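Just so we're aligned: 68 in full-length UniProt numbering is position 68 of the sequence shown, and the numbers increase by one with no gaps anywhere. The beta carbon of each residue, even a glycine, is placed where N, CA and C say it ideally should be. Keep in mind it's a predicted model, so treat the numbers as computed, not measured.
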Amino acid sequence: MWSRHSSTTSLQVGDLVFAQFTIANKDMEPELVCIDSSGRANGMGVFGPGGLLFRVSLGLVRRLLAPHSDIRSDLDQLFPCELVVGVNGRVWVKSSSIQQTLILANLLQSCDTMTAPQRQELFKRVKQGALKTPHNLLVWTLS
1 MWSRHSSTTS
11 LQVGDLVFAQ
21 FTIANKDMEP
31 ELVCIDSSGR
41 ANGMGVFGPG
51 GLLFRVSLGL
61 VRRLLAPHSD
71 IRSDLDQLFP
81 CELVVGVNGR
91 VWVKSSSIQQ
101 TLILANLLQS
111 CDTMTAPQRQ
121 ELFKRVKQGA
131 LKTPHNLLVW
141 TLS
């Protein structure tokens, strides 16, 4: 158990947890919570099985967390997925298949260095299935 409160969750080493710090001070032990200020989980807690965790730049994090993110709306048109973006640069994505999850992770990492028109063209090509090779591998190049 990792909490001294009555509503604890049993965590195992290696569990992926979406939480926020309530105490983060060099002189005190850090404290994490999996509820927001109104006492609701609001998506926080231990992640289920599957999905992929990776790092992106903080600039991309800000673009993904923007209220009307073009990147998120473009992703929504490709595959239904779960997407969690942390302000620490970590992103977790899960789609209905491993292949779709990997495609989404690669697309997100590529968005960091692309202009909006380049991203839109790449997403359009992925949606049309033009980037699949005979062995179902995803390959793309920037022009």
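By how many angstroms is the C-alpha of residue j removed from the C-alpha of residue i?
i    : j    : result
V87  : V61  : 6 Å
V13  : T101 : 24 Å
G129 : K26  : 50 Å
Q118 : S37  : 39 Å
E82  : L58  : 20 Å
T22  : G43  : 17 Å
Skipping 5 residues on each side, what residues in its chain have a beta carbon closer than 8 Å to that of residue i?
i    : result
T141 : Residue placement at T141 cannot be trusted, given a pLDDT of 46 that sits under 50; what the coordinates show is reported in the next sentence. Excluding positions up to five away in sequence, the list is empty.
A116 : D70
P80  : S95, S96
Helix or strand or just coil, what does DSSP make of residue i?
i    : result
Q128 : helix
I35  : coil
T133 : Per-residue confidence for T133 stands at a pLDDT of 47, beneath the threshold of 50, marking its modelled position as unreliable; the derived number appears in the next sentence. In this structure, T133 counts as coil in the three-state DSSP scheme.
V61  : helix
S110 : helix
S95  : strand
L11  : coil
Spatial neighbours of residue i within its chain, please: CB distance less than 6 Å, with the 5 preceding and 5 following residues excluded, ordered by chain position.
i   : result
V46 : D15, V17
L65 : V85
G39 : none
D74 : F123
E31 : T22, I23
Per DSSP, residue i forms a beta bridge with which residues?
i   : result
G45 : F18
P78 : Note that residue 78 is Leu in the sequence shown, not Pro. In DSSP, L78 forms no bridge with anything.
R90 : R55
L83 : V93
Beta-carbon within less than 7 Å of residue i's beta-carbon, same chain only, minus the 5 sequence neighbours each way: which residues are those?
i   : result
A41 : C34, I35
E29 : none
Open item on the list: Measuring CB atoms only, is the stretch 40-54 touching the stretch 83-102, in the sense that at least three cross pairs come out at less than 8 Å?
Closed with: Segments in contact, yes.
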